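Trainee:
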Amino acid sequence: MTFAFRKLAMAAALAAIGTAQASTADHHEFEATLHAPYRAVAGTNEARSFKLEFSYPYAKNAQSVSWVLEVVAPNGSVVERWTGVERLQDKPVTVNVEWAGRNRRNALQNGIYKARLRAISDDAQRGLASGVDAVLRRIASHDGEIHDQEWDIAIGQQPQAKAAAAPSLMAMAPAPSLMAMAPAPSSLPYTVYFGNMHSQTNHSDGGGDLGACTGAQHPQSAAYGPTDAFNYAKNRGLDFLMASEHNHMYDGSDSTNTSANPATAKALYQAGLAEAASFNSANPNFLAIYGMEWGVINNGGHMNILNSNELLGWESNGSGQLLADTFTAKNDYAGLYTLMRQRGWLGQFNHPSSSGQFLVNGVALGYTADGDEAMALCEVMNTSAFSINTTETETGRSNYEGACKKALEAGFHVAFVTDQDNHCANWGASYTNRTGVLIPNGTALSTASFMDAIRARRVFATMDKTSQLVLTANGHIMGERFTNSGPLNLVANFTSSSGKTVSTSEFYEGVPGRNGTVTLLASSANTTITPTDGAHFYYAKVTQDDGNILWSAPVWVTQQGSSGGDTVAPTVSTSSSGSSGTITFNANATDNVGVTKVEFYVDGALKGTDTASPWSYGFNSTGVSNGTHVLTAKAFDAAGNSALSSAVNFSVNNTTITQQLLLNSGFESGSTSWSASSGVITNDSSVSGHGGTWKAWMNGYGSAHTDTLYQQVSIPSTANSATLGFWLKVTSDETTTTQAYDTLKVQVRNSSGAVLATLATYSNLNKGSSYVQRTFDMSAYKGQTVRVYFEGVEGSTIATSFIVDDVTLNVQ
Numbered sequence: 010m011t012f013a014f015r016k017l018a019m020a021a022a023l024a025a026i027g028t029a030q031a032s033t034a035d036h037h038e039f040e041a042t043l044h045a046p047y048r049a050v051a052g053t054n055e056a057r058s059f060k061l062e063f064s065y066p067y068a069k070n071a072q073s074v075s076w077v078l079e080v081v082a083p084n085g086s087v088v089e090r091w092t093g094v095e096r097l098q099d100k101p102v103t104v105n106v107e108w109a110g111r112n113r114r115n116a117l118q119n120g121i122y123k124a125r126l127r128a129i130s131d132d133a134q135r136g137l138a139s140g141v142d143a144v145l146r147r148i149a150s151h152d153g154e155i156h157d158q159e160w161d162i163a164i165g166q167q168p169q170a171k172a173a174a175a176p177s178l179m180a181m182a183p184a185p186s187l188m189a190m191a192p193a194p195s196s197l198p199y200t201v202y203f204g205n206m207h208s209q210t211n212h213s214d215g216g217g218d219l220g221a222c223t224g225a226q227h228p229q230s231a232a233y234g235p236t237d238a239f240n241y242a243k244n245r246g247l248d249f250l251m252a253s254e255h256n257h258m259y260d261g262s263d264s265t266n267t268s269a270n271p272a273t274a275k276a277l278y279q280a281g282l283a284e285a286a287s288f289n290s291a292n293p294n295f296l297a298i299y300g301m302e303w304g305v306i307n308n309g310g311h312m313n314i315l316n317s318n319e320l321l322g323w324e325s326n327g328s329g330q331l332l333a334d335t336f337t338a339k340n341d342y343a344g345l346y347t348l349m350r351q352r353g354w355l356g357q358f359n360h361p362s363s364s365g366q367f368l369v370n371g372v373a374l375g376y377t378a379d380g381d382e383a384m385a386l387c388e389v390m391n392t393s394a395f396s397i398n399t400t401e402t403e404t405g406r407s408n409y410e411g412a413c414k415k416a417l418e419a420g421f422h423v424a425f426v427t428d429q430d431n432h433c434a435n436w437g438a439s440y441t442n443r444t445g446v447l448i449p450n451g452t453a454l455s456t457a458s459f460m461d462a463i464r465a466r467r468v469f470a471t472m473d474k475t476s477q478l479v480l481t482a483n484g485h486i487m488g489e490r491f492t493n494s495g496p497l498n499l500v501a502n503f504t505s506s507s508g509k510t511v512s513t514s515e516f517y518e519g520v521p522g523r524n525g526t527v528t529l530l531a532s533s534a535n536t537t538i539t540p541t542d543g544a545h546f547y548y549a550k551v552t553q554d555d556g557n558i559l560w561s562a563p564v565w566v567t568q569q570g571s572s573g574g575d576t577v578a579p580t581v582s583t584s585s586s587g588s589s590g591t592i593t594f595n596a597n598a599t600d601n602v603g604v605t606k607v608e609f610y611v612d613g614a615l616k617g618t619d620t621a622s623p624w625s626y627g628f629n630s631t632g633v634s635n636g637t638h639v640l641t642a643k644a645f646d647a648a649g650n651s652a653l654s655s656a657v658n659f660s661v662n663n664t665t666i667t668q669q670l671l672l673n674s675g676f677e678s679g680s681t682s683w684s685a686s687s688g689v690i691t692n693d694s695s696v697s698g699h700g701g702t703w704k705a706w707m708n709g710y711g712s713a714h715t716d717t718l719y720q721q722v723s724i725p726s727t728a729n730s731a732t733l734g735f736w737l738k739v740t741s742d743e744t745t746t747t748q749a750y751d752t753l754k755v756q757v758r759n760s761s762g763a764v765l766a767t768l769a770t771y772s773n774l775n776k777g778s779s780y781v782q783r784t785f786d787m788s789a790y791k792g793q794t795v796r797v798y799f800e801g802v803e804g805s806t807i808a809t810s811f812i813v814d815d816v817t818l819n820v821q
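Numbering (the working numbering), first residue to last: 10 to 821.
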């Protein structure tokens, strides 16, 4: 299917000088993928060819890739193993592995086997041994990231699995136009919408013409923009598409453009939001979503932010101006999660790795409570980002289920999605995979209803755009969190409008916050269990007869009353050790069945949790004032019984170190480090300073006049407190006691000059004969680069002077 693209004049001009330059900082990573045919060709006695693909775009040095491919039987035993070492430099390497199937091992039983690839990459070394033992030892001892790919393969004919009863979608009325939306299975009161949550256009490094697209485009150079992408996806039958543009490319560079204009970068992001809104107005049956893909892969991790109206970034131009609306420190995921929760933004882990990405306190996919609120989705499968396939037959696909399982075990409440990460102009067309989103019947598809569904985790991932999988648990729909007592009935509601059948249906179980292993619970489409007391999550996974997989969102269940009616609460006491820096809290907790966790509270506020004995927590005491504080501990058992310890006093005595961030705070070096209107910073003897001879004298002309004064400063994210202080004297010839004719505003602005807050406004009504000290809390701006900004506006006839001196910004 084709349609006429709109081509931007700028993009066309840039295309003339070549657009297929890649974003090195963004795509600098080793990639390993496995293509394993689910079914063998008829008559080949289960023989098949596996294809391994290795790439490392823009690696500085040649690489040696060590790999092992295994065929694993249903009982976990290794049926066949191959190993190798490949030299990788400049371009991808493809390895074809031929497997004889039953032609070699006639004893193979029918069943679902797994093809499993593990691979590592290191700077090239001469003479690396390629023998099986050498490769296995090298992979086992590797201290970096190990790439895992695992796909099911069917050996022989399988008995057809029974899915939960569901009405046939083929008998239902077709969706209007080319839209893929359809009723949810099993008469559930939802409509399912299908689309792609991950793609790029020429607002970053996507939108490449299919005739020349071989990789990431140089930022903002390609032919096609967001509206082109939305049109293309709509005409290919998608119900929604997200243009997730790389946040650090709005300066037109894949590194940092020191000559970039912040206003241009921010305007481009706002233009993308406007394009999506305009497209939605004109196309009510389609949802255009515009947002950003935040972060970099190399030592970081990509994540989509779905609903931000602000451009986030960490880069500044040569003048120190932030090339974004709001500062977010590069790779500071904990800080970003906090901001997202405050703003109500939703996020998605993109092509996550189980190691080395989304680090919090050095832990990959590290959990925070703010992150749990903000992160709603996890990309379980992705097709090749640089595919130019338009027939939905792309074979380059990567599986991230292991990383998503790790996120779930860490405590994140995330649902599975599958996307295409299109960088070329084939949005949604490279493969049949889709993300399915459930919106209540009778509710229109809109940004609000869509985000509500994401927030509720009513989402599933499917490799087949004609199939659906919705998990229910005792009538609760996937994404829900609920308390249960007694049996729990899990149902995998599957349906296919193209007549696909189920080869295997499975339920998986895990424990949020355990940081352990997700396990296979049952191989069926309908199972009833009685969970042990405590917290659990469950999700369904269906493999169709053609090998395509579907993943439901989990349900999160807190089981109570299943351990024989345990009503005995734990006993707990607590103590502390130390009085400064990190103070160690200890608890002694016991229970007739077993203690599952202990929470530590300071002055009634929860500060930390331990889930394993010995129960302890390292408390950073610099976050509280010196003096006496109250410590309590609360212990829980598996049945949900809890007990609170007696209160214990402890003392904090930290040496407070104060740092003054503003330079030339008393103006005694003239205008050094300050930006001010002409004549504001002066040593004029007719007006005295608060200290010394220099000061900032704003207004006082007796005519319409505006003066400004500011200094830009970065407030450390590690500061416990930040306080702005200055001395102000207001002199005025105005006699009114009711009208503020002349004003001085004290503001916080971002590095581009946009007002973040007005802290106070003074006027001629505040006149007096002496200096008065004014102070303001600046803790809200920790981790940001801001301007401390004074703006004096004087009326047309009578003079008012605002004299500012000894301006400080103290952090502790």
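The beta-carbon is built from N, C-alpha and C at its ideal position, and this holds for glycine as well. As the structure is a prediction and not an experimental result, all values here were calculated from the model.
For the pair the segment 80-88 and the segment 108-122, tell me if three or more CB-CB distances fall below 8 Å.
Mentor: yes
Trainee: Quick one: grab the DSSP three-state call for residue 349.
Mentor: Helix, per DSSP.
Trainee: Residues in the same chain with beta-carbon distance under 7 Å from residue 47, minus the five sequence neighbours each way, listed in chain order, please.
Mentor: 161, 162, 163, 555, 556
Trainee: For residue 394, which residues in the same chain have their Cβ closer than 6 Å to its Cβ, ignoring the five residues on either side in sequence?
Mentor: Only 430, 432 meet the Cβ criterion.
Trainee: Which of the three DSSP states, helix, strand or coil, is assigned to residue 385?
Mentor: strand
Trainee: Look at the alpha carbon of residue 352 and the alpha carbon of residue 509, and state the distance between them as a whole number of angstroms.
Mentor: Going from the Cα of residue 352 to the Cα of residue 509 covers about 42 Å.
Trainee: Determine the closest residue to residue 632 out of 603, 656, 588, with distance taken between C-alpha atoms.
Mentor: Considering only alpha carbons, the answer is 588.
Trainee: Could you check what DSSP says for residue 302 in three-state terms: helix, strand or coil?
Mentor: Correct three-state label for residue 302: strand.
Trainee: In whole angstroms, what separates the C-alpha of residue 518 from that of residue 527?
Mentor: 6 Å
Trainee: Leaving out five residues before and five after residue 315 in sequence, what residues of the same chain have Cβ atoms less than 6 Å from its Cβ?
Mentor: 300, 355
Trainee: Under a CB-based cut-off of 7 Å, is residue 758 close to chain B?
Mentor: In the displayed structure, chain B is absent; only one protein chain is listed.
Trainee: Just how far apart, CA to CA, sit residue 803 and residue 361?
Mentor: 56 Å
Trainee: Check whether the segment 392-407 and the segment 438-448 touch, using three or more Cβ-Cβ pairs below 8 Å as the test.
Mentor: Counting C-beta pairs closer than 8 Å gives three or more between the segment 392-407 and the segment 438-448, which meets the contact rule.
Trainee: Measuring only the C-alpha atoms, how far is residue 342 from residue 383?
Mentor: 11 Å
Trainee: Which stretch, first to last residue, makes up the beta strand (DSSP E) that contains residue 356?
Mentor: 356-358
Trainee: Could you work out which residue in 103, 165, 591 is closest to residue 52 when comparing CA atoms only?
Mentor: 165
Trainee: In terms of residue numbering, what span does the beta strand (DSSP E) encompassing residue 789 cover?
Mentor: Here residue 789 belongs to no beta strand (DSSP E), and DSSP marks it neither H nor E.
Trainee: So, is residue 141 buried or exposed, given that buried needs 16 or more other C-beta atoms within 10 angstroms?
Mentor: exposed
Trainee: Taking the Cβ atom as the reference point for each residue, do residue 592 and residue 645 lie within a distance shorter than 7 Å?
Mentor: no
Trainee: Along the beta strand (DSSP E) that carries residue 796, what are the first and last residues, could you check?
Mentor: 794-803
Trainee: Below 8 Å CB to CB, which residues in the same chain sit around residue 219 once its five sequence neighbours on both sides are set aside?
Mentor: 397, 399, 433, 434, 435
Trainee: Please work out which residues of its chain come closer than 6 Å, Cβ to Cβ, to residue 715, disregarding the five sequence neighbours upstream and downstream, and give them in chain order.
Mentor: 802
Trainee: To the nearest angstrom, how far is it from the Cα of residue 734 to the Cα of residue 783?
Mentor: 6 Å
Trainee: If I follow the unbroken beta strand (DSSP E) through residue 445, where does it start and stop?
Mentor: For residue 445, the uninterrupted beta strand (DSSP E) run begins and ends at 443-449, by DSSP.
Trainee: Identify every residue that forms a DSSP beta bridge with residue 731.
Mentor: DSSP lists 820 as partners of residue 731.
Trainee: In the DSSP assignment, the alpha helix (DSSP H) including residue 289 goes from what residue to what residue?
Mentor: Per DSSP, residue 289 is one residue of the alpha helix (DSSP H) stretching across 271-291.
Trainee: Excluding the 5 residues flanking residue 814 on each side, which residues of the same chain have their C-beta closer than 6 Å to its C-beta?
Mentor: 698, 699, 704, 736
Trainee: Does DSSP put residue 631 in a helix, a strand or coil?
Mentor: helix
Trainee: Do three or more CB pairs link the segment 227-238 to the segment 260-280 at distances below 8 Å?
Mentor: yes
Trainee: Specify, as a first and last residue, the run of the beta strand (DSSP E) that residue 845 falls within.
Mentor: Since the first and last residues shown for the chain are 10 and 821, residue 845 lies out of range.
Trainee: Could you spell out the range, first to last residue, of the alpha helix (DSSP H) harbouring residue 456?
Mentor: 456-464
Trainee: Who are the near neighbours of residue 96 in its chain, counting only those whose CB is closer than 7 Å to its CB and skipping five residues on each side?
Mentor: 71, 73, 133
Trainee: Use the C-beta contact count for residue 59: other C-beta atoms within 10 angstroms, 16 or more gives buried, fewer gives exposed.
Mentor: Buried, by the Cβ-count rule.
Trainee: Using only the alpha-carbon positions, how far apart do residue 149 and residue 127 sit?
Mentor: 10 Å
Trainee: I'd like to check one pair, residue 597 with residue 585: are the Cβ atoms closer than 7 Å?
Mentor: no
Trainee: For residue 706, collect the residues of the same chain with a Cβ closer than 7 Å to its Cβ; drop the 5 residues on either side in sequence, then sort them by chain order.
Mentor: 689, 691, 693, 696, 810, 812
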